[in-house]
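J.:
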Amino acid sequence: MAGTIDPDAGISAAGEPITEAEALQRLRQSEDHSQQYYAAWWLGRNRSRHPEALPLLLAALRQRRPRDPGAGVEENAIARNAARALGKLGDAGAIPELLAALDDGDDGLREAAARSLGELQATEAVAVLLRRLASGPAGAGAPRLASPRLQEPCEAMLEALGAIGIAEPGVITLIEAFTAHDRPLIRSAACRALLQLSGEARWAEPLMQLLDHPQLQVRRAALMDLGAVGWRPALEPICHTLAENSLKLIALRGLVEQGAHHDATIQAGSVLSAMDSLL
Amino acid sequence: MRSVEIDPIGERIEAVRQAASAQALLDATCALAASDHGNGVNNEAIACLVEVLGFNNPGAAVAAVDGLIALGPEAVEPILESLDPRNYGARAWAVRALAGIGDVRGLDLLEEALASDIGPSVRRAAARGLGQLRLDALGEPLRLAVQTRCLQALVAGCSDGEWVVRYAVSVGLEGIGLADFNSEYLRAASRQALLGLSQPDGEEVPVVRLRAALALRRLDGQPSA
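Chains A and B, in that order, are what the protein sequence lines are. FYI, the numbering used here numbers position 135 of the first sequence as 135, with every residue one higher than the one before it. Numbering-wise, the numbering used here comes out as the position in the second sequence, counting from 1, plus 1000.
Pasting the structure below:
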């Protein structure tokens, strides 16, 4: 779901405006990890096209080591930010290293790598994603002890499969198993991927029902998912969802920009006028 | 046959003041905001709705903003007087209310918000508001002066870093360009700014380009498709 909500984005303590040259310099040095962390985020956020951005981010991704949760901003946090940024640069040269990160022991890094491979529409990633999710909701989707996380970052991996767009029967069958997961956010991600891959309206129904879910977090996720697919029949339900206008506007932007792929009896103009009334 | 006439607005104000939970505050604010003020606007109701803007309850604040917009110009002074630089949330809601009311007394705040507020949702509301000020009652020279300030603020907003703000700027520029009393200069200048937002070399986000192109078609009097 929340590809747009970056849980670490708010930590940029050094959040003053900087230039691209400064960002590259901050990433190049290795004394101050918080500077590297911010620089990696900055290069992704600004979709840097500087020729040094890719090699420096790949180097930052390689800096990782076994997790050391007590160490503050450590290399793995930089590696995760680098992985996120690599998805935003849009350079396929990042794919081999991101693929390797899908098998890293740090599930936060696997999550970031999966999202970025999805953004890069890296068909090479499908086999690894299928392997990591093969044990299904009871295996990959089982909760960890004493942690809100699942065994695998299922949400990000399912979304990546949808974004990459390979609609083979093996992919579809695996994702379908996750539409019965206990957690609504996982069901939402699975339906989103299936709707992207198949265009079948039956996968939109559960998403539209989640727009009425009692938890705001779930309603937000369903909004983002319908937006990512561009499912224009969801126009009215999105407008009536109890959530922030900012999120509805993001979802409706998706309906305008992605929506032409589907049966578009609802014209872009109607979506624009709905957006106007949410400003 | 109706029994004793009670004062529903007074009761509703009291319900807002007594609300003991977030949900109760939301319900009471909705009821107060929907009140029919009949012949005279109730100043206490306005003060109460303005107060809700500062309560850090987004649902109630949305309802209060709607209520204040419905009350119109009468609400402008109380909103402006309540502005507290230390309460960012309340200020953001006040900008939205003023953008919706469209009274020229909100101009300074809307300009400032679009130029420098940290919240994209506030800049977005300000941009929309700058395009829909109600200026019919002003004399011609003043009207043009105000419109020119709005236009300048919106033109500067074309380079905002957030797509949703640039989207709202397109809507605002359309409002300036369509106002029937506009000078040729204002019309041409808003068209020029919209042209920049409608082309890939000036604007990277497709939905913003589409909205700007729609605004240009409307300025040209074409069907809006």
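Cβ coordinates follow ideal geometry from the N, Cα and C atoms, glycine included.
Are B/S1035 and B/I1009 closer than 7 Å when you measure CB to CB?
T.: yes
J.: Report the partner residues of A/L150 according to the DSSP bridge assignment.
T.: A/P143
J.: So, B/A1019 versus B/A1028, is the Cβ gap smaller than 7 Å?
T.: yes
J.: Got a sec: is the Cβ-Cβ distance from A/V229 to anything in chain C below 7 Å?
T.: Looking for chain C here will not work: the only protein chains present are A and B.
J.: Under a Cβ-count criterion, where at least 16 other Cβ atoms within 10 Å of its own Cβ denotes burial, should B/P1058 be classed as buried or exposed?
T.: exposed
J.: Are the C-beta of B/S1003 and some C-beta of chain A separated by less than 7 Å?
T.: Here B/S1003 scores only 49 on pLDDT, less than 50, and its place in the model is too uncertain to base an answer on.
J.: Tell me whether the beta-carbon of A/R192 lies closer than 7 Å to the beta-carbon of B/V1207.
T.: no
J.: Of the residues that make up the segment 249 to 273 of chain A, which ones have a beta carbon closer than 7 Å to any beta carbon in chain B?
T.: L249, R253, V256, E257, A268, G269, L272
J.: Do we get a CB-CB distance below 7 Å when we pair B/R1128 with the residues of chain A?
T.: A Cβ of chain A is located within less than 7 Å of the beta carbon of B/R1128.
J.: Run through DSSP, which three-state label would A/T123 get?
T.: coil
J.: A/C154 to A/I186, Cα distance in whole Å?
T.: If you take the alpha carbons of A/C154 and A/I186, they lie about 7 Å apart.
J.: What are the boundary residues of the alpha helix (DSSP H) that includes B/D1226?
T.: Not covered by the structure: residue 1226 of chain B. The range shown for chain B is 1001 to 1225.
J.: Can the beta-carbon of A/A140 be found closer than 7 Å to that of A/L133?
T.: A contact, by the Cβ cut-off of 7 Å.
J.: Got a sec: is the Cβ-Cβ distance from A/L279 to anything in chain B below 7 Å?
T.: yes
J.: Which residue marks the beginning of the alpha helix (DSSP H) containing B/N1087, and which one marks its end?
T.: Note, B/N1087: premise wrong, no alpha helix (DSSP H); not H, not E.
J.: May I have a chain-ordered list of the alpha helix (DSSP H) segments no shorter than 4 residues that lie completely inside the segment 1041 to 1067 of chain B?
T.: You should have 1043 to 1052.
J.: Is it buried or exposed for A/G118, if we count other Cβ within 10 angstroms and need 16 for buried?
T.: Looking at its Cβ environment, which holds 16 or more other Cβ atoms inside 10 Å, A/G118 is buried.
J.: Could you check whether the Cβ of A/G118 sits closer than 6 Å to any heavy atom belonging to the ligand FAD?
T.: Questions concerning the ligand FAD fall outside what the structure shown contains, since it holds no ligand whatsoever.
J.: So, is B/D1084 buried or exposed, given that buried needs 16 or more other C-beta atoms within 10 angstroms?
T.: exposed
J.: Whose Cβ in chain A lies nearer than 8 Å to the Cβ of B/P1206?
T.: V256, E257
J.: Counting only beta-carbon atoms, is B/S1198 nearer than 7 Å to chain A?
T.: no
J.: Taking CB distances under 7 Å as the criterion, tell me whether B/P1211 reaches chain A.
T.: The question names Pro, but residue 1211 of chain B in the sequence shown is Arg. Chain A, which has a Cβ nearer than 7 Å to the Cβ of B/R1211, makes this yes.
J.: Going along chain B, which residues have a C-beta under 8 Å from A/M275?
T.: Y1167, V1207, R1211
J.: Please go through the same chain and pick out, in chain order, the residues whose beta-carbon is closer than 7 Å to the beta-carbon of B/L1114, but skip the five residues on each side of it.
T.: R1123, A1126, A1127, L1130, A1153, G1157
J.: Select from the segment 103 to 125 of chain A all residues with a C-beta closer than 8 Å to any C-beta belonging to chain B, and list them in chain order.
T.: none
J.: When the distance is taken between beta carbons, is B/A1061 closer than 7 Å to B/W1093?
T.: Yes, Cβ-Cβ distance for B/W1093 and B/A1061 is below 7 Å.
J.: Spell out whether any CB of chain A is found under 7 Å from the CB atom of B/R1124.
T.: yes
J.: For the candidate residues A/I266, A/Q217, A/R115, A/P214, whose alpha-carbon lies nearest to that of A/G90?
T.: A/R115
J.: What are the start and end residues of each continuous alpha helix (DSSP H) run of 4 or more residues lying completely inside the segment 194 to 220 of chain A, in chain order?
T.: 204 to 210
J.: Using Cβ-Cβ distances below 9 Å, what residues of the segment 237 to 248 of chain A are close to chain B?
T.: Those would be L242, E244, N245, S246, in chain order.
J.: Reducing DSSP to helix, strand and coil, say where A/T19 ends up.
T.: coil
J.: Under 8 Å: do the segment 1171 to 1188 of chain B and the segment 1211 to 1218 of chain B share three or more Cβ pairs, one atom per stretch?
T.: yes
J.: Quick one, which residues of the segment 1135 to 1164 of chain B are near chain A if we go by CB-CB under 8 Å, in chain order?
T.: Cβ contacts with chain A come from W1163, V1164.
J.: Could you tell me whether any Cβ in chain A is nearer than 7 Å to the Cβ of B/V1171?
T.: yes
J.: Alpha helix (DSSP H) containing A/W41: first to last residue?
T.: 33 to 45
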